[in-house]
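Q: In the UniProt record's numbering, the protein residues as written are 1 to 550. Cβ coordinates follow ideal geometry from the N, Cα and C atoms, glycine included.
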């Protein structure tokens, strides 16, 4: 890994700054992230919904797309891991390389680690670094460290964003409904939710996939930003980059530095030659002359002598010379002048610098300690009967927990016919018995009205079929209103539409019609039947206003 090629500024950041760094990387490389994401998830979404639709349970498609999120998360992770080094991959390269390798690690993220709240933080360890076994587990533990809590909180925050986006997209449709139709639209929407038709479940799957496609890359980016920050803290990437930049600056001036170092480390001093020169003496023919030696010869006497060059010291001699202490009579003060500093003073300055309190910070810590640590309380063993009682109590508690679990499982099995259809998102196979249909019920709009509406309605009321009686009166009132006003209502018109059409009636018939509609709404939607006196009064008023035969 060439950390000098990173396109982000490496510095120690707080965890939230690291999250913001990751989301900024996703925004910067949005095209490179979402193109392969859509190219991969759209076919998967279509196949999952087709199979779930054939199986009759479209909700399974939503569950499958949610469960495969770690597999799709490899796409933005692959793009960010390359783009952060300045190499933004193309869509084809991403689709080819995002799913290569780390199959064993992905098995864990699709099974026992699927619900891990730190998935975005730990996935780069398995997918980008590779490895297996104990080393990877230790690596994950060290890397998570203090960032695990923030990673779990990010998991919760992004899940809340995704849920809010799904709800917002679903409610967005009601912004285009006029206010006068809003109540009817909400009622119809609630009825659709209760019935849960197939097209509505497919629409819910599409909304969930849209929200995940918008939010999930940012969640992966937040984890990748924390991953970079943790590696910077652990491995000191910022310090290494600083040293590399320092090395490059030093290498740029290496020749001058080498020459200066050579001049400063020369252990000898050169002087101009004065006085007599020494020449090597010739060997004497006289044995009594002793051993051969050198004899000083005046420079002006006789022929010019050959001056013997001063031999250069060897490398070992130079090192030994450098290591010897400087004598008191050295020429260094004369050479350096005012810039010369005594070595003893320099050593004292170094000692004072190392003794500085800023290099050895101290803090006061208050803690509780025993006054008499040698007097430790004796640990007494519990009596045998108390230990036996504890074991019996533990066994009873364990047995009770198993009984509670078995009872819960049995309760779920016995009530499966109630909650399983709701969980599957489809209507229950066991339907409620329909109410008996009699002549004049509003649900059978094609059936003709009876000749004597008032008598038929009262007979139904006395027989206990009160809802059917109100339905008959309501349908008769609607038909009478349409004959009087000449209006035409669409099939399946709601009560609100009928009331708007009744605005063309005179005051008294309009008031009677509104009274019948109100009684029917309370009975149909709130299961609240009016008292018999109120029903008779409303029926008599409607018969008088619309001319029904009594």
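I think residue 477 touches residue 546, with their Cβ atoms under 8 angstroms apart; what is that distance to the nearest whole Å?
A: On the chain shown, position 477 is the one that residue 477 refers to. On the chain shown, position 546 is the one that residue 546 refers to. Confirmed, Cβ separation roughly 7 angstroms.
Q: Terminal residues of the continuous alpha helix (DSSP H) containing residue 540?
A: The count along the chain shown starts at 1 and reaches residue 540 at position 540. Per DSSP, residue 540 belongs to the alpha helix (DSSP H) from 532-546.
Q: Could you check whether residue 41 and residue 213 sit closer than 8 angstroms to each other, using their CB atoms as the reference points?
A: Here residue 213 refers to the residue found at position 213 when the chain shown is read from its first residue. Here residue 41 refers to the residue found at position 41 when the chain shown is read from its first residue. Contact flag set, yes.
Q: For residue 149, count neighbouring Cβ atoms within 10 angstroms of its own Cβ and tell me buried if that reaches 16, exposed if not.
A: Counting from one through the chain shown, the residue named residue 149 turns up at place 149. Flag for residue 149 reads exposed.
Q: What are the boundary residues of the alpha helix (DSSP H) that residue 340 is part of?
A: Here residue 340 refers to the residue found at position 340 when the chain shown is read from its first residue. That residue, residue 340, is in no alpha helix (DSSP H); it is neither H nor E in DSSP.
Q: So what's residue 465 in DSSP terms, helix, strand or just coil?
A: In the chain shown, residue 465 corresponds to position 465, counting from 1. Correct three-state label for residue 465: coil.
Q: Residue 454 to residue 496, Cα distance in whole Å?
A: Along the chain shown, one-based indexing puts residue 454 at 454. Along the chain shown, one-based indexing puts residue 496 at 496. Distance between the alpha carbons of residue 454 and residue 496: 24 angstroms.
Q: On a CA-only basis, which of 224, 48, 60 and 79 is nearest residue 125? Give me that one, please.
A: The residue given as residue 125 occupies position 125 in the chain shown. Ranking the options by Cα distance to residue 125, first place goes to 224.
Q: Report yes if the CB atom of residue 99 is closer than 8 angstroms to the CB atom of residue 74, and no otherwise.
A: As a working mapping, residue 99 is identified with position 99 in the chain shown. As a working mapping, residue 74 is identified with position 74 in the chain shown. Cβ distance < 8 angstroms, so residue 99 and residue 74 count as in contact.
Q: Determine, using beta-carbon pairs with one atom in the region 157-170 and one in the region 128-145, whether at least three such pairs fall under 8 angstroms.
A: Touching, no.
Q: If you count every other CB in all the chains shown that lies within 10 Å of the CB of residue 158, and 16 or more means buried, which is it?
A: Working through the chain shown from its first residue, we reach residue 158 at position 158. So residue 158 counts as buried.
Q: Determine the closest residue to residue 234 out of 464, 13 and 218, with distance taken between C-alpha atoms.
A: Translated into the one-based positions of the chain shown, residue 234 becomes position 234. Per the Cα distances, 13.
Q: Taking one C-beta from the region 102-113 and one from the region 64-74 each time, how about it: are there three or more such pairs within less than 8 angstroms?
A: Touching, yes.
Q: Give the straight-line distance between the Cα atoms of residue 92 and residue 231, rounded to the nearest whole angstrom.
A: Start at 1 with the first residue of the chain shown, and residue 92 comes out as number 92. Start at 1 with the first residue of the chain shown, and residue 231 comes out as number 231. Each residue's alpha carbon lies about 29 angstroms from the other.
Q: List the whole-angstrom C-beta distance separating residue 561 from residue 23, where the pair is believed to meet the contact cut-off of C-beta under 8 angstroms.
A: Not covered by the structure: residue 561. The range shown for the chain is 1 to 550.
Q: How far does the alpha helix (DSSP H) with residue 72 in it reach, from first residue to last?
A: Your numbering for residue 72 matches position 72 in the chain shown. From DSSP, the alpha helix (DSSP H) with residue 72 extends over 69-72.
Q: CA-CA distance, residue 34 and residue 9?
A: Your numbering for residue 34 matches position 34 in the chain shown. Your numbering for residue 9 matches position 9 in the chain shown. So the alpha carbons of these two residues sit roughly 25 angstroms apart.
Q: Which of helix, strand or coil does DSSP assign to residue 351?
A: If you number the chain shown from 1, residue 351 lands on position 351. DSSP places residue 351 in helix when its eight states are reduced to three.
Q: Any contact of the region 184-197 with the region 43-54, i.e. 3+ C-beta pairs under 8 angstroms?
A: No, because fewer than three Cβ pairs between the region 184-197 and the region 43-54 fall closer than 8 angstroms, the two stretches do not touch.
Q: From this set, 129, 548, 123 and 209, which residue's C-alpha is nearest residue 452's C-alpha?
A: Locating residue 452 in the chain shown gives position 452, where the first residue counts as 1. Of the candidates 129, 548, 123 and 209, the one whose C-alpha sits nearest the C-alpha of residue 452 is 548.
Q: I'd like the span of the alpha helix (DSSP H) that includes residue 184, first residue to last.
A: On the chain shown, position 184 is the one that residue 184 refers to. Run containing residue 184: 179-195, per the alpha helix (DSSP H) assignment.
Q: Just the C-alpha distance for residue 193 and residue 155, rounded to the nearest angstrom, thanks.
A: Taking the first residue of the chain shown as position 1, residue 193 is located at position 193. Taking the first residue of the chain shown as position 1, residue 155 is located at position 155. Cα to Cα, residue 193 sits roughly 29 angstroms from residue 155.
Q: In this structure, does DSSP put residue 413 in helix, strand or coil?
A: Taking the first residue of the chain shown as 1, we reach residue 413 at position 413. In this structure, residue 413 counts as helix in the three-state DSSP scheme.
Q: Looking only at C-alpha atoms, which of 121, 180, 48 and 485 sits nearest to residue 505?
A: To locate residue 505, count along the chain shown from 1; it is residue 505. It is 485.
Q: Among residues of its own chain, excluding the 5 on either side of residue 522, which ones have a beta-carbon nearer than 6 angstroms to its beta-carbon?
A: Residue mapping note: residue 522 aligns to position 522 of the chain shown, counting from 1. 528, listed in sequence order.
Q: CB residue 162 to CB residue 215, shorter than 8 angstroms?
A: As a position in the chain shown, residue 162 is number 162, starting the count at 1. As a position in the chain shown, residue 215 is number 215, starting the count at 1. A contact, by the Cβ cut-off of 8 angstroms.
Q: Less than 8 angstroms between the CB atoms is what I'm expecting for residue 62 and residue 205, so what's the real figure, rounded?
A: Position 62 of the chain shown holds residue 62. Position 205 of the chain shown holds residue 205. Yes, residue 62 and residue 205 are in contact; Cβ-Cβ is about 5 angstroms, under 8 angstroms.
Q: Around the Cβ of residue 102, are there at least 16 other Cβ atoms within 10 angstroms (buried) or fewer (exposed)?
A: As a working note, residue 102 is residue 102 in the chain shown. With 16 or more Cβ atoms within 10 Å of its Cβ, residue 102 is classed as buried.
Q: What residues in its chain sit with their C-beta under 6 angstroms from that of residue 17, if we drop five residues either side in the sequence?
A: In the chain shown, residue 17 corresponds to position 17, counting from 1. So the list is empty, once near-sequence residues are dropped.
Q: Apply the 10 Å Cβ neighbour rule to residue 468 and answer buried if 16 or more other Cβ atoms are within range, or exposed otherwise.
A: To locate residue 468, count along the chain shown from 1; it is residue 468. So residue 468 counts as buried.
Q: Looking at the structure shown, is residue 112 part of a helix, part of a strand, or coil, going by DSSP?
A: Here residue 112 is taken as the residue at index 112 of the chain shown, counted from 1. Coil.
Q: Would you grab the beta carbon distance between residue 461 and residue 534 for me? Rounded to a whole angstrom, and I think it's under 8 angstroms.
A: The residue you call residue 461 lines up with position 461 of the chain shown. The residue you call residue 534 lines up with position 534 of the chain shown. The Cβ separation is near 11 angstroms, so there is no contact.
Q: Over the uninterrupted alpha helix (DSSP H) stretch that includes residue 591, give me the two end residues.
A: As shown, the chain starts at 1 and ends at 550. That puts residue 591 outside it, with no answer to give.
Q: Thinking residue 58 and residue 52 are a contact (beta carbons under 8 angstroms), I'd like their distance in whole angstroms, please.
A: The residue you call residue 58 lines up with position 58 of the chain shown. The residue you call residue 52 lines up with position 52 of the chain shown. Going by Cβ atoms, the distance from residue 58 to residue 52 rounds to 5 angstroms, so yes, they are a contact pair.
Q: Using a Cβ-Cβ cut-off of 7 angstroms (strictly less than) and excluding sequence neighbours within five positions of residue 275, which residues of its own chain qualify?
A: On the chain shown, position 275 is the one that residue 275 refers to. In this prediction, residue 275 has a pLDDT of 47, which is less than 50 and means its spatial position is unreliable; nothing more can be read from the coordinates.
Q: For residue 238, which residues in the same chain have their Cβ closer than 8 angstroms to its Cβ, ignoring the five residues on either side in sequence?
A: What you label residue 238 is simply residue 238 of the chain shown in a count that begins at 1. Interpretation of residue 238 is limited by its pLDDT of 48, a score under 50 that renders its predicted location unreliable; the figure taken from the coordinates is listed afterwards. Result list for residue 238: 10, 11, 12 and 232, in chain order.
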